[in-house]
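Heads up, the thing below is written out as C-alpha cells.
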Amino acid sequence: MPSSASMRLIALPLTKQVGNLTPLIYYYPHTQHTTQSSSTTGTQGGLTARARALFHRALGTATTTWVGFGRAEPRSWKYRLYSAGQSIHRRIDFEELALSSLEPALGPSLGRDRRGEREEALRAARARGEARTISLLYPSFLPSPTEHLRSLVSHRAPVHRRWTFIYLIFLPITAPFALVPVIPNIPFFYCAWRAWGHYRSWRAASYLEELVRAHMVVETPSPLLDKLYAGFPSPPASSSSLSPAPTALIASTSPSPASETHSPKHPPKPSSKETDPDPIAPYLLLTEPDVLSLLKAFSLPEEGRVELGIALAQARARVGEELRGGKKEEGKKER
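Numbering (UniProt numbering), first residue to last: 1 to 335.
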C-alpha cells in the first residue's frame, strides 16, 4: 500500500527569558510514516508523483556532489568551497533551518479557501472525527506554546518571502559568471541555494500560520519531555557548570608541556577564565550532550543533531549578546 505520513512538532525550549530576549524555542518537525489507500495519492502539495520523483533525484545528486566536495583534498578548491558553505550554513538563523526542514505536503491538507468554505469543511470534519491535525508536543513547564509559534511564523513568513524574491532577482545577474571556464559559477549557485532555502521557509511559515489559524495545531503535553528535561545536565534551575562551553574553555587553557615540569607542591595558579562561572549557562535549558538523549528518546534522525547543535550555538550567542547589552544599559544609568 502507498505510504502516508503524519506530522508533529516537538517544542524544545533552549533558553529562559533574558532581559528583552524572549525564550528561544526550537520547533522540530517530525514525520511519522504510515500507510494509506491509493485513492489519496496522485498530487501532493501541488506536485505530481513524477515531479516529486524528479525533484528528489536532483536533490540527491546535488547532495552527493556536495558531500564529495567535503572529502576532497584539504587544499583543493572543492574542499575550500565546502568549508565556506558549511560556515555559511552555521550562520543561518536556526528558525529558518527548522522551517525549511518542514514539508507541508506531508501534513494536513488545507486546500483553497473559497468564500470561507475551508472553515465550514474543517468544522464538519471535526464533527465526524475525521479532521487531520498536527500535535505540538511540549514540556509542561513551558507556557502554552501556540501563541509563541503563531508570533514566530507571522514574523518569519514575510521576511523569507522578501528574501526569496531578492535572491531570485540576482539569479539572472549572476548567470553570466558561468561563461568563465573551469571555475564553477559560485555566485549563481549561492543565490539559487539561498532562494530555495528562503522559499521553503516562507512556504512552511505560511503553512503553519494557516494551521494555527484553523485550530489544526493541537497542544499535547509530553511526559517524555518532562522526564528528559528533568534529567538533563541543564534543567531550568541548573548551575552554570552544565554548559559545554566551560569544558572547551578549560581544555584550551590546560597547562603546556613546559608548565608540567612544575612541582605538584606548587601547581600553577588557575586563570580567571577557569575559576569564573559561565554567566550564560544559567539561562540555557539544553546543551550539546542532551541532544543525543532527545534523538534517541523520540527516534529522530541523526541529521537533527547538526541542526540542534547550530541552534544551541546561536542561542548561547544571543543570550551572551543580551547580557552584554544589559550591562551597557546599567553602566549608562549609573553615569
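Note that the Cβ used here is the ideal one computed from N, Cα and C, for glycine as well.
What's the C-alpha gap between residue i and residue j?
i      : j      : result
VAL159 : GLU307 : 21 Å
ASN185 : TYR82  : 14 Å
HIS30  : THR164 : 25 Å
SER154 : ALA72  : 42 Å
ARG150 : LYS296 : 28 Å
LEU312 : PRO187 : 29 Å
LEU21  : TYR167 : 29 Å
SER140 : SER87  : 35 Å
PHE298 : VAL67  : 27 Å
THR61  : PHE189 : 15 Å
ARG80  : GLY70  : 8 Å
LEU12  : ASP278 : 22 Å
LEU211 : THR146 : 11 Å
ILE173 : ALA84  : 22 Å
SER6   : MET216 : 13 Å
TRP77  : PRO108 : 44 Å
GLY325 : THR63  : 40 Å
Where do the ends of the alpha helix (DSSP H) carrying residue i lie?
i      : result
PRO223 : 223–231
TYR207 : 186–213
PHE141 : First-last for PHE141: undefined, no H or E at that position.
ALA98  : 94–100
Output the boundary residues of the beta strand (DSSP E) element that contains residue i.
i      : result
TYR82  : Premise fails: TYR82 lies in the alpha helix (DSSP H), 77–91, not in any beta strand (DSSP E).
SER135 : 134–138
Where does residue i fall in DSSP's three states?
i      : result
LEU12  : strand
THR25  : A small fix is needed here, since residue 25 is Ile in this sequence, not Thr. ILE25 falls in the strand class under three-state DSSP.
PRO246 : Summary for PRO246: the model assigns pLDDT 39, below 50, so the residue's position carries little reliability; its value from the coordinates is reported in the next sentence. Helix.
GLU219 : strand
ALA72  : coil
GLY107 : coil
ASP290 : helix
PHE298 : coil
PRO279 : coil
Give every residue of the same chain whose Cβ lies closer than 7 Å to the Cβ of residue i, excluding the five residues on either side of it in the sequence, and list them in chain order.
i      : result
ARG156 : GLU95, LEU99, SER201, ALA205
ASP226 : PRO139, SER140
LEU228 : SER293, LEU294, ALA297
Note down, in chain order, each residue of its chain lying with its Cβ closer than 6 Å to the Cβ of residue i, except the 5 sequence neighbours on either side.
i      : result
VAL291 : ARG305, LEU308
GLY135 : Here the sequence assigns Ser to residue 135, which means Gly is not the residue at that position. ARG8, VAL218, THR220.
ARG194 : TYR167
ALA315 : LEU14, THR15, LEU24
HIS198 : HIS160, TRP163, THR164
GLU322 : VAL18, GLY19, LEU21
Opposite residue i in the DSSP bridges: which residues?
i      : result
LEU284 : THR15
GLN32  : SER6
In chain order, what residues of the same chain have a beta carbon less than 8 Å from the beta carbon of residue i, not counting five sequence neighbours either side?
i      : result
SER144 : GLU219
LEU171 : PHE188, CYS191, ALA192, ALA195
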